[in-house]
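Everything below concerns the one structure shown next.
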Amino acid sequence: MGIDPVAIQALAAAIFAIGLAAALLRRNLFIILMGVELMLNAVNLSLVGFARTLPGDASLIGSLVPIFTIAVAAAEACVGLAMVICITRRRDDADADAYASMKE
Amino acid sequence: MLHSLDQILTAIYFWGFASAAVLCAFGILFGRHPLNAAICLIGTMLSLAGIYALLASPFLAVLQVLVYAGAVMMLVLFVIMVLNQARDHVLPRFDKLSLIGAALPVLIGVLAVATVRHDHAALTSSATAVRAGVEPVATALFAPTKGYYLLFELVGVLLLVAVVGAVLLAKRRLDADPGTTDHPAGDAANGSVAQAGQNGKDAHHGH
């Protein structure tokens with residue numbers, strides 16, 4: 006049936022690793038949030054890819070779980086962006102290093 | 332081994348979408364501007380929607396385009412513009428400290444691929460997998476014997492809480508006096524709403 010599941014999982018792993026790198030290595034608040042979104046997308050792809058290896062009705066579960074993941078990701082983006090608005094209001098700076106006041 | 336036209340086309344589409352997704356993901360990692368990164372993220376999400384459609388999950392593909400590429404990324408772009416982060420400047424990419432952390436994503440990616448390769452034989456696409464269109468998904472989601480519909484209701488509550496929390500976080504001050512806000516030249520509609528809120532509070536205090 007077409008696509009090799011291993012290729013899908015490899016693609017999901019690659020996108021997850023790039024998203025993790027964007028969230029860890031970059032300092033801009035927006036790019037950190039986008040890295041988190043990218044990781045969530047990669048996990049959804051992995052779920053769908055694994056579900057296609059299951060027989061019969063069990064393969065539907067892999068389409069149900071991403072629905073909830075997408076809804077929770079929308080909630081996460083909503084609250085995360087509100088937090089970004091909140092902290093950039095204190096100082097007009099979207100650099101995460103500008104908010105290291107706990108270190109001093 | 333003779334391949335049918337279907338298989339060849341599926342392979343072409345899959346590798347096209349996959350390379351587009353990975354290229355756009357790298358565009359986020361190396362993006363010099365938040366808007367460029369956001370556009371790249373939309374590209375990745377649209378490519379993933381194409382892959383879902385190839386994987387016989389058309390409902391998820393539509394949901395991915397509607398919710399992720401449509402709603403969530405619209406919100407991200409909107410906030411970037413509202414916070415005036417779309418200025419004509421370039422972001423620094425990495426500093427020395429962040430490059431130390433580069434080992435972790437590389438390690439995780441390599442480990443994940445190696446794990447999947449190890450159990451290669453167990454991972455074969457099932458011939459009896461159901462095409463996840465709207466009707467089978469809805470039947471499974473709202474089946475009374477399984478608990479998914481409860482989860483569905485809970486997600487609704489979660490979204491409501493998230494919206495209320497976002498409004499609370501992003502509002503300037505809850506008990507702001509309309510006369511002493513940071514922007515005294517706010518438009519008339521805003522002022523009257525704030526005034527009404529103030530009146531309501533006064534009435535409450537009067538009790």
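Sequence lines, in order, name chains W and B. So for the first sequence, the working numbering puts the first residue at 6; every next one is plus one. So for the second sequence, the working numbering puts the first residue at 332; every next one is plus one. Yeah, the Cβ is synthetic: ideal placement off N, Cα and C, and Gly gets one too. Values in this document were obtained by computation on a predicted structure and should not be read as measured data.
- CB-CB under 6 Å to A400(B), same chain, minus the five flanking residues each way: which ones, in chain order? I373, M376 and L377
Pairwise C-alpha distance: P389(B) and A443(B): 27 Å
Close beta carbons around L38(W), own chain, < 6 Å, minus the five adjacent residues each side = G85
* To do: For chain B, find out if any of its Cβ atoms is closer than 8 Å to the Cβ of A22(W); answer yes or no.
  => yes
- Is the number of C-beta pairs between the segment 26-35 of chain W and the segment 350-370 of chain B that are closer than 8 Å three or more? yes
Q) Nearest-angstrom Cα distance between P515(B) and R503(B)? A) Because P515(B) sits at a pLDDT of 43, beneath the cut-off of 50, its placement in the model cannot be relied upon, and the following sentence gives the value as read from the coordinates. If I take the Cα positions, the gap works out to 13 Å.
Taking the continuous alpha helix (DSSP H) assigned at Q338(B), which residues delimit it? L336 to L360
Q | Nearest residue (CA-CA) to A493(B), options I92(W), Q14(W), V77(W) and P60(W) | A | V77(W)
Note to self: Quick check on F390(B) - is its C-beta less than 8 Å from some C-beta in chain W?
What the structure shows: yes
Worksheet item: Hey, how far is the Cα of C91(W) from the Cα of A82(W)?
Response: 14 Å
Review point. Could you give the distance in angstroms between the alpha-carbon of L489(B) and the alpha-carbon of I411(B)?
Key: 25 Å
CA-CA distance, S456(B) and Q14(W)? 12 Å
### Query
Relative to the alpha-carbon of A402(B), which residue among P60(W), A19(W) and E42(W) has its alpha-carbon at the smallest distance?
E42(W)
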